[in-house]
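Notes to accompany the following structure.
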Amino acid sequence: MKLKTQLFGKTYEFKSVKEVLAKANEEKSGDKLAGIAAVDASERVAAKVVLADLTVGDLRNHPVVPYESDEVTRVIQDGVNEEQYKKIESMSMGDFREFLLDSDAKEIEGVRDGLTAEVIAGAAKLMSNMDLVVASKKLIVPATCNTTIGLPGTLAARLQPNHPTDSVEGVMASVYEGIAYANGDALIGLNPAIDTVENTDRILKTFREFMDKWEIPSQNCVLSHVTTQMEALKQGSPMDLMFQSIAGSEISNSSFGISTALIDEAYELMKEKKSSAGPNFMYFETGQGSELSSDGHNDADQLVMEARCYGFAKRYHPYCVNTVVGFIGPEYLYDGAQVIRAGLEDHFMGKLTGIPMGCDVCYTNHMKASQNDLENLAMIIAEAGVNYVMGVPAGDDIMLMYQSSGYHDVAAMREVTGKRPMAEFEKRMEELGIMENGKLTKLAGDPSIFA
Amino acid sequence: MEQEMVRDISALDLSTYVAVDDPKDKTACEVIKKKTAARVCVGKAGSRLKTESYLRFRADHAIAQDAVWSYVDESVVDELGFMKVQTLCKDKDEYITRPDLGRKFSEETLEKIKEACPHHVDVQIIAGDGLSSPAITVNLPDIYPMLEDGLKAKGYTLGSPIFVKYARVATMDQISEALDAKVTIILIGERPGLATGESMSAYMAYESSTKKNESQRTVVSNIHKKGMPPVEAGAQIVELVGKMMEAKASGIDLHL
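So the protein lines, in turn, are chains V and P.
Throughout the first sequence, residue numbering follows numbering that gives the first Met the number 0, covering 0 to 450 in sequence.
Throughout the second sequence, residue numbering follows numbering that gives the first Met the number 0, covering 0 to 255 in sequence.
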C-alpha cells in the first residue's frame with residue numbers, strides 16, 4: 000500500500016487510509032472543523048492521487064472505524080457478497096471510477112453488493128459533479144410499499160405538511176395544497192412537533208382517512224422517534240412506513256437513541272403489523288456532518304461517515320432514504336457550492352449502495368446559500384435520477400424553519416426533465432383534473448378542491 | 000422630481016392573502032389560510048410562483064440573511080454602558096464556521112474581564128450578537144433597563160454588563176467562572192427564520208460552568224416585537240432569576 004506521492008516536486012505523505020480519504024474529500028467546512036481536511040488545494044489533489052492508486056481491497060480492509068469497536072462497521076462488512084467483492088478486489092480505485100463511468104447498469108449491479116462504504120465514498124471522492132450525475136443516472140433502484148418508487152422516468156415527492164403545533168387542520172391545509180400540485184406520491188409524511196404516541200396515531204389516522212376518501216395511492220408516515228412509532232404500531236395505528244434518522248457510527252446512532260438491535264426489532268414489528276403492502280416499508284434520513292455533531296465521527300471525514308449510513312440502511316431493505324443535505328448548517332456545509340456537491344455525492348453513494356435514494360434539497364438561513372442554489376441542486380439531482388425530493392408549501396417549512404424544495408419546484412423539476420409522478424398517482428391526478436399529459440392543469444394549485 | 004412609491008409588498012398580510020386564480024371555493028381557501036401560517040393558496044404562474052409570492056419570499060429571506068451577516072450597532076451597547084469583548088473568532092466568516100472558537104476567549108480577554116468587572120455578584124448580564132445582530136440592536140435598549148431596574152428592586156447585586164462580539168451561548172460559562180457570579184444571563188440573537196430577523200433568546204444559568212452541559216440552562220426564546228415583546232420577556236426573566244436564586248439551581252434542576 001503506497002501512501003506517498005509527489006506533485007510538482009513536493010512530497011505528500013499520509014499516515015493512514017483514513018487520512019487519505021479525509022484529505023481527498025472535496026472542501027467541506029465540517030472536515031475543517033474536525034481538523035482533518037487537506038491544508039490546501041494541492042494536498043487535496045495529492046490525496047486523490049494516492050487514493051486512486053489504492054485498491055478496492057485496501058479500502059475494504061481499512062474501515063474508518065474498526066470492526067471490533069463499531070456495529071455499523073460490522074453490519075456493512077458482514078453484509079458484503081464475497082463473490083461479487085472478489086471480482087473487484089484487486090482493482091485500483093482509479094480503475095474502479097472508470098468502471099462505474101464506462102459500464103452499463105447490469106455490470107455495476109453485478110458488483111454492487113461487494114462494496115463497503117469506504118469503497119463507495121472513495122469512488123465519490125474521485126468524481127467531479129458531472130461524473131456523479133453520469134454514474135448515478137445509470138443506477139436504477141426501485142422499491143415497493145403500497146406503490147413503487149424509483150422507476151425510470153419518474154420523479155416523486157414526499158409531501159411534508161409540517162406545522163409548528165401539529166394542528167390537524169393546519170397540517171391538512173398544507174396536504175390539500177400539496178396534492179393540488181401533484182406532490183405526495185412518494186409519501187405523505189409529517190415531522191411532528193410533539194413526539195408522542197397519541198399525536199403520532201392521530202396524524203397517521205388523519206392521513207389514512209384522507210388517502211382513503213380521495214383514493215390517493217401513496218403511503219402515510221409520521222416521523223416521530225422509532226420507539227414512539229413502535230408503541231403506536233403496537234396500539235394499532237395504521238402505519239405504511241416506519242421512519243428513523245440514522246448515522247454512520249455506533250456512537251452517533253446511540254446519540255439518536257437507536258442501535259442495530261432496536262431497528263431490527265422495529266423492522267420485525269412492522270413486518271407483522273404494518274398497514275402497507277410491502278415488501279419495503281422502512282424510511283431513513285441521513286445527512287453529512289451528523290456524526291461530528293454527536294462526537295461520533297471517529298476522526299473520519301463526513302462523506303465516508305455518510306456512506307456508512309447507507310450501508311446500515313441497506314440491511315433493512317428501505318422503501319426510501321434521503322439525505323437532508325442542507326439542514327445541518329454552515330459549520331458542516333458552508334455555502335451553495337458545498338451543499339450542491341454534497342447532494343450529488345449522497346445521491347450517488349446511496350444508489351451505488353443499492354438503496355432507493357432521495358434528497359431533501361434544502362438550506363438554512365445562516366448558510367451562504369440562496370434559493371437559486373437550491374433550485375440548481377434540484378434541477379441537477381432530478382437529471383441525475385433522484386427517486387424523490389420534498390415538497391413543502393412555497394419552499395418554506397414553518398416548523399423546521401428551513402427552506403426545502405416547494406410544491407412548485409417539484410412540478411417544475413418534472414416539467415424541465417420530462418419526468419412524471421409515480422404511475423398510479425399520476426392517473427389519479429388526471430382523474431381529479433390536476434394533471435394532463437404529465438403537466439399541471441389550470442385547475443391545479445387549488446387546495447379548495449379537497450376542502 | 001417627486002416620485003410615487005411602489006407598494007410595500009412586505010406590508011401585505013400573508014395570513015389572509017388568497018392568490019389562487021378562480022378557486023373552486025374562495026371561502027374554503029380563506030378558511031384554509033386561517034389554519035396555518037404555511038404559504039398555501041399562493042397560486043401559480045405555470046409551474047412557478049407568481050411574481051408577488053416570489054418577491055415576498057426573497058424579501059423574507061433577505062431579512063434573515065442580513066440579520067446573520069450584519070453587525071450590532073455598537074453605539075447602542077456603549078450607551079447602555081456595556082464593556083465590549085470578542086471571542087477567539089477573528090471575523091464573521093470564522094464565527095459562522097467555527098462554533099468552537101465562538102465559545103472561547105483568549106487569556107488576555109479573560110484577564111481584562113476579571114480586572115474591569117466586579118466579582119461575586121448575584122446577576123451578571125451579557126449580550127452577544129449570535130446569529131442575529133439586529134436582535135440585539137433592536138431589543139437590548141428595551142430589555143436591559145427593565146432587567147436592571149427589576150433585579151435591583153429585588154435587592155440583587157448586578158455586575159458590569161458585557162457585550163460579546165462573535166458570541167455563542169457558551170461564552171456565558173467562561174464569564175461566569177471568571178467573575179464567580181451566581182446567576183448569569185446572556186441575551187443573544189437567534190438563528191433567523193424567514194421574515195423574522197430580530198428574534199432574541201435569553202439563556203440563564205445558576206453558577207454557569209464550562210463543566211456542566213446545556214441542560215444547566217433555562218431559556219426564554221422568541222423575544223421580539225412580533226413574538227414575546229421585550230418588556231414582557233424582561234419581567235419573566237426577573238421572575239426566573241428570583242426562582243433560581245431561591246432554588247440555587249437552573250435548567251432541568253429548576254422545578255418551576
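Here a beta-carbon is modelled for each residue, glycine too, at the ideal position from N, C-alpha and C.
Note that this is a predicted model, so its numbers are computed, not measured.
Partners in chain V for GLU98 of chain P, counting only beta-carbon separations shorter than 7 Å: For the purposes of this step, residue 98 of chain P is taken as the residue at position 99 of the second sequence. This sequence places Pro at residue 98 of chain P; Glu is not what is there. Near PRO98 of chain P (Cβ distances below 7 Å), the residues of chain V are GLU330.
Could you give the C-beta distance for ASP445 of chain V and LYS23 of chain P, rounded to a whole number, given that I count them as a contact under 8 Å? Here the question's residue 445 of chain V lines up with position 446 in the first sequence. Here the question's residue 23 of chain P lines up with position 24 in the second sequence. Rounded, the Cβ-Cβ distance is 6 Å, consistent with contact.
For ARG157 of chain V and THR394 of chain V, believed in contact at Cβ under 8 Å, the rounded distance: Walking along the first sequence from the start, residue 394 of chain V turns up at place 395. Walking along the first sequence from the start, residue 157 of chain V turns up at place 158. A small fix is needed here, since residue 394 of chain V is Gly in this sequence, not Thr. No, GLY394 of chain V and ARG157 of chain V are not in contact; Cβ-Cβ is about 14 Å, not under 8 Å.
For a quick check, are the C-beta atoms of VAL320 of chain V and PRO278 of chain V less than 8 Å apart? For the purposes of this step, residue 320 of chain V is identified with residue 321 of the first sequence, where counting begins at 1. For the purposes of this step, residue 278 of chain V is identified with residue 279 of the first sequence, where counting begins at 1. Judged by beta-carbon spacing, PRO278 of chain V lies beyond the 8 Å limit of VAL320 of chain V, meaning their Cβ atoms are not closer than that value.
Can you tell which of V:LEU6, V:SER15, V:THR10, V:PHE7 has the C-alpha that lies nearest to the C-alpha of MET0 of chain V? In the first sequence, the residue the question calls residue 0 of chain V occupies position 1. MET0 of chain V has its Cα closest to that of V:SER15, out of V:LEU6, V:SER15, V:THR10, V:PHE7.
Is there a C-beta anywhere in chain P that falls below 8 Å from the one on PRO453 of chain V? Lying before the first or after the last residue shown, residue 453 of chain V is absent from chain V, which here runs from 0 to 450.
Cα-Cα separation, ARG201 of chain V to ASN386 of chain V: Counting from 1 along the first sequence, the entry for residue 201 of chain V is found at position 202. Counting from 1 along the first sequence, the entry for residue 386 of chain V is found at position 387. Cα-Cα distance, rounded: 28 Å.
Out of V:VAL409, V:VAL48, V:ASP239, state which residue places its alpha-carbon closest to the alpha-carbon of GLY417 of chain V. Position 418 of the first sequence, counting from 1, holds the residue named residue 417 of chain V. Among V:VAL409, V:VAL48, V:ASP239, the Cα nearest to that of GLY417 of chain V belongs to V:VAL409.
SER41 of chain V CB to nearest chain P CB: under 8 Å? Here residue 41 of chain V corresponds to residue number 42 of the first sequence, with the count starting at 1. Under the Cβ distance rule, SER41 of chain V does not count among the residues neighbouring chain P, no pair being separated by less than 8 Å.
List the whole-angstrom C-beta distance separating GLU147 of chain P from LEU139 of chain P, where the pair is believed to meet the contact cut-off of C-beta under 8 Å. Mapped onto the second sequence, residue 147 of chain P falls at position 148. Mapped onto the second sequence, residue 139 of chain P falls at position 140. The pair is not a contact, with the Cβ atoms about 12 Å apart (cut-off 8 Å).
Kindly list, in the order they appear in chain P, the residues whose Cβ is closer than 7 Å to that of PRO237 of chain V. The residue given as residue 237 of chain V occupies position 238 in the first sequence. The premise fails here: PRO237 of chain V is roughly 23 Å from chain P at the closest Cβ pair, so nothing lies under 7 Å.
Secondary structure of PHE326 of chain V, DSSP reduced to three states: In the first sequence, counting from the first residue as 1, residue 326 of chain V sits at position 327. Looking at PHE326 of chain V - three-state DSSP - the assignment turns out to be coil, as it is neither helix nor strand.
Would you mind listing the alpha helix (DSSP H) stretches within the stretch 53 to 120 of chain P that are 4+ residues and don't spill past its ends, in chain order? 73 to 78, 91 to 96, 106 to 115
Quick one: what's got a C-beta closer than 6 Å to LEU11 of chain P's C-beta in the same chain, skipping five residues either side? Against the second sequence, residue 11 of chain P aligns to sequence position 12. Answer for LEU11 of chain P: no residue qualifies.
Which same chain residues, not among the five before or five after ILE8 of chain P, have their C-beta less than 7 Å away from its C-beta? Translated into positions along the second sequence, residue 8 of chain P becomes position 9. When the five nearest sequence neighbours on each side are left out, the beta carbons in the same chain lying within less than 7 Å of the beta carbon of ILE8 of chain P are those of GLU51, LEU54, ARG55, ALA58, in order along the chain.
By alpha-carbon positions, which one of P:GLY149, P:PHE162, P:GLU197, P:LYS103 ends up nearest to VAL67 of chain P? If you number the second sequence from 1, residue 67 of chain P lands on position 68. Considering only alpha carbons, the answer is P:GLU197.
Rounding to the nearest angstrom, what Cα-Cα distance links GLU197 of chain V and ASP130 of chain V in this structure? Locating residue 197 of chain V in the first sequence gives position 198, where the first residue counts as 1. Locating residue 130 of chain V in the first sequence gives position 131, where the first residue counts as 1. About 47 Å.
So, with DSSP's three-state summary, where would you put CYS308 of chain V? The residue you call residue 308 of chain V lines up with position 309 of the first sequence. CYS308 of chain V: helix per DSSP, three-state reduction.
Hey, quick one: how far does the beta strand (DSSP E) through LYS224 of chain P stretch, first residue to last? Counted from its first residue, the second sequence places residue 224 of chain P at position 225. Here LYS224 of chain P belongs to no beta strand (DSSP E), and DSSP marks it neither H nor E.
When DSSP labels each residue in this structure, what does ALA37 of chain P get in the three-state scheme? Along the second sequence, one-based indexing puts residue 37 of chain P at 38. Here ALA37 of chain P sits in coil by DSSP.
Between the CA atoms of ALA194 of chain P and LYS124 of chain V - distance to the nearest angstrom: Position 125 of the first sequence, counted from the start, is the residue given in the question as residue 124 of chain V. Position 195 of the second sequence, counted from the start, is the residue given in the question as residue 194 of chain P. Using only the alpha carbons, I get a separation of about 38 Å.
ASN436 of chain V in three-state terms, based on DSSP: Taking the first sequence and counting its residues from 1, one reaches residue 436 of chain V at position 437. Coil.
Segment limits, beta strand (DSSP E) that includes ASP359 of chain V: Taking the first sequence and counting its residues from 1, one reaches residue 359 of chain V at position 360. Counting along the chain, the beta strand (DSSP E) containing ASP359 of chain V begins and ends at 356 to 359.
Contact with chain P by GLN301 of chain V, beta-carbon distance below 8 Å: Here residue 301 of chain V refers to the residue found at position 302 when the first sequence is read from its first residue. No, no contact with chain P.
Can you tell which of V:GLY256, V:LYS233, V:ARG427, V:LYS212 has the C-alpha that lies nearest to the C-alpha of HIS224 of chain V? Start at 1 with the first residue of the first sequence, and residue 224 of chain V comes out as number 225. HIS224 of chain V has its Cα closest to that of V:GLY256, out of V:GLY256, V:LYS233, V:ARG427, V:LYS212.
Note the first and the last residue of the continuous beta strand (DSSP E) segment covering ASN364 of chain V. Residue 364 of chain V sits at position 365 when you count from the first residue of the first sequence. Where ASN364 of chain V is concerned, there is no enclosing beta strand (DSSP E), given that its DSSP letter is neither H nor E.
In the structure shown, what three-state DSSP assignment does ASP69 of chain V receive? Mapped onto the first sequence, residue 69 of chain V falls at position 70. DSSP places ASP69 of chain V in coil when its eight states are reduced to three.
Start and end residues, beta strand (DSSP E) containing MET203 of chain P: The residue you call residue 203 of chain P lines up with position 204 of the second sequence. Unbroken beta strand (DSSP E) run through MET203 of chain P: 199 to 205.
Test: GLY444 of chain V CB closer than 8 Å to a CB of chain P: Stepping through the first sequence from its first residue, residue 444 of chain V is reached at position 445. Output row for GLY444 of chain V: interface = yes.
My understanding is that GLY109 of chain V touches LEU332 of chain V, with C-beta atoms under 8 Å, so please give their C-beta distance in whole angstroms. As a working note, residue 109 of chain V is residue 110 in the first sequence. As a working note, residue 332 of chain V is residue 333 in the first sequence. Beta-carbon to beta-carbon, GLY109 of chain V and LEU332 of chain V are separated by about 34 Å, too far to satisfy the 8 Å threshold.
If you reduce the DSSP assignment to three classes, tell me which class ARG157 of chain V lands in. As a working mapping, residue 157 of chain V is identified with position 158 in the first sequence. Here ARG157 of chain V sits in strand by DSSP.
Cutoff 7 Å; reference GLU284 of chain V; Cβ partners in own chain excluding five residues on either side: Sequence index remark: in the first sequence, residue 284 of chain V carries index 285 (1-based). SER244, ASN321, VAL323.
Nearest CA to the CA of LYS22 of chain V: which residue from V:GLY8, V:VAL48, V:LEU6? The residue labelled residue 22 of chain V in the question sits at position 23 within the first sequence. Out of V:GLY8, V:VAL48, V:LEU6, V:VAL48 has the C-alpha closest to the C-alpha of LYS22 of chain V.
Is ASP65 of chain P close to chain V, meaning its C-beta is less than 8 Å from at least one C-beta of that chain? Taking the second sequence and counting its residues from 1, one reaches residue 65 of chain P at position 66. Not closer than 8 Å to any Cβ of chain V, the Cβ of ASP65 of chain P fails to qualify, so no.
Listed in chain order, which residues of the stretch 172 to 203 of chain P have Cβ atoms closer than 8 Å to some Cβ of chain V? ARG190, PRO191, GLY192, LEU193
Reference VAL39 of chain P, options V:TYR406, V:LEU138, V:LEU20, closest by Cα: Start at 1 with the first residue of the second sequence, and residue 39 of chain P comes out as number 40. Of V:TYR406, V:LEU138, V:LEU20, the residue nearest in Cα terms is V:TYR406.
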